[in-house]
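Student: First, the structure itself, so that you have it in front of you.
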Amino acid sequence: MQESSYLKDRDDIMESIKKIPFLESYEDRFIRKILELSKLRRYEKDEVITREGEYDCWLYVILKGQVKVIKDEEEIARLDARGGTFGELAVIDGEARSASVYASTDTTCLAIDGSFLDRLEPKEKIEFEAVYYRLLSEILAHRLRITSAELSRMKQEMEFLNRE
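The sequence shown begins at 577 in the working numbering and counts up by one.
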């Protein structure tokens, strides 16, 4: 993995980050704050990004490339869209990683340090927590919709197979 320093005062990256779908509606000052708490991480094909069972507090946003999500040694998802996110559960609940994530291709991610909330001033913390948790809730709502659709499809398949 190659890692940048924190991205404070990196306006060159800000314009690119603002084009990520779930960040489009946020004010520049919040995106700047996210960048202050973020690093660019580059991974080579097949490199481990996160490991199931390990602890860390980073939320990842795919900027370029593709990743595969492995749970109990089985691939359960593939993320290949710019703006695809992973790692949000560990940031929310502080639990160990629920799955491993590997770079399927050379991949660049924006890695957002989830421990930053503890380092903010009280007034800034309240304001930023509201934005940050809204962002996380949008990510989780999107994932829940996808999971619900998959569950419904699988239920229909099982009903069809049981009729035969």
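Glycine included, each C-beta is placed from N, C-alpha and C at the ideal position.
#1: Using alpha carbons as the reference points, say which of Lys609, Ser592, Asp604, Thr681 lies closest to lysine 584.
#2: Would a C-beta distance cut-off of 8 Å place leucine 686 and serine 614 closer than the cut-off?
#3: As a quick exercise: from Arg673, Ile688, Val645, pick the residue whose alpha carbon is nearest that of glutamate 612.
#4: Let me know the secondary structure DSSP gives arginine 617 once reduced to three states.
#5: What number of angstroms, rounded off, separates the C-alpha of threonine 684 from the C-alpha of asparagine 738?
#6: Tell me which residues share the same chain as methionine 590 and place their Cβ nearer than 8 Å to its Cβ, disregarding the 5 neighbours each side in the sequence.
#7: Mark glycine 629 as exposed unless 16 or more other C-beta atoms lie within 10 angstroms of its C-beta, in which case mark it buried.
#8: Specify the secondary structure class of leucine 696 as computed by DSSP and reduced to three states.
#9: Would you say serine 676 and glutamine 642 are within 8 Å of each other, going by their C-beta atoms?
#10: Between the region 703-710 and the region 646-656, do at least 3 Cβ pairs fall closer than 8 Å?
#11: Going by beta carbon distance, what residues of the same chain come within less than 7 Å of glutamate 620, once the five residues before and after it are set aside?
#12: Which class does lysine 701 belong to by DSSP, given the choice of helix, strand or coil?
#13: For glutamate 649, does the count of other Cβ atoms within 10 angstroms reach 16, so buried, or fall short, so exposed?
Tutor: A quick look at the data gives this:
#1: The sequence position of residue 584 within the sequence shown is 8, counting from 1. Checking every option, the nearest Cα to that of lysine 584 belongs to Lys609.
#2: Position 110 of the sequence shown, counting from 1, holds the residue named residue 686. Position 38 of the sequence shown, counting from 1, holds the residue named residue 614. Yes.
#3: Indexing the sequence shown from 1 puts residue 612 at position 36. Per the Cα distances, Ile688.
#4: Within the sequence shown, numbered from 1, the residue matching residue 617 stands at position 41. DSSP places arginine 617 in strand when its eight states are reduced to three.
#5: Your numbering for residue 684 matches position 108 in the sequence shown. Your numbering for residue 738 matches position 162 in the sequence shown. Distance between the alpha carbons of threonine 684 and asparagine 738 is about 45 Å.
#6: As a working note, residue 590 is residue 14 in the sequence shown. Asp604, Ile607, Arg608, Leu611.
#7: The sequence position of residue 629 within the sequence shown is 53, counting from 1. Result: exposed.
#8: In the sequence shown, residue 696 corresponds to position 120, counting from 1. DSSP places leucine 696 in coil when its eight states are reduced to three.
#9: For the purposes of this step, residue 676 is taken as residue 100 along the sequence shown, with counting starting at 1. For the purposes of this step, residue 642 is taken as residue 66 along the sequence shown, with counting starting at 1. Cβ distance not < 8 Å, so serine 676 and glutamine 642 don't count as in contact.
#10: no
#11: Indexing the sequence shown from 1 puts residue 620 at position 44. Result list for glutamate 620: Ala679, Asp682, in chain order.
#12: Taking the first residue of the sequence shown as 1, we reach residue 701 at position 125. Helix.
#13: Position 73 of the sequence shown, counted from the first residue, corresponds to residue 649. Glutamate 649 comes out exposed.
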